[in-house]
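Asker:
In the numbering used here, the protein residues as written are 1 to 80.
Written out as structure tokens, the structure is:
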């Protein structure tokens, strides 16, 4: 299956998390910290730390707890 991350195609396996697929594709930075713009990515892999928050089809979600689906549109996360 395939989805896009910031407009770039990403291959994924059924049942795989968005964070795992992005890591396998070489993406480490899933968002930037709001004040220092420091890179942030998957940390706890349980959805508690929110470091891997991305935008999936327009909704903010933790990438580590979001299952891949064909055609997802994923963008780097923003923290308001």
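We put the CB at the ideal spot given by N, CA and C, even for glycine.
Consult DSSP for residue 65 and reduce its assignment to one of helix, strand or coil.
Answerer: If DSSP states are grouped into helix, strand and coil, residue 65 belongs with the helices.
Asker: My assumption, with CB atoms under 8 angstroms, is that residue 17 sits in contact with residue 64. Please give the rounded CB distance.
Answerer: 5 angstroms
Asker: Would residue 14 and residue 21 qualify as a contact pair, given that the criterion is a beta-carbon distance under 8 angstroms?
Answerer: no
Asker: Unbroken beta strand (DSSP E) runs of length 3 or more, entirely within the region 28-76: which are they?
Answerer: 53-56, 59-62 and 73-76
Asker: Go to residue 78, then tell me how far its beta strand (DSSP E) extends in each direction, as first and last residue.
Answerer: Unbroken run through residue 78: none, as it is neither H nor E.
Asker: Quick one: measure Cβ to Cβ for residue 10 and residue 31, integer angstroms, because I've assumed they're closer than 8 angstroms.
Answerer: That pair is no contact at about 16 angstroms.
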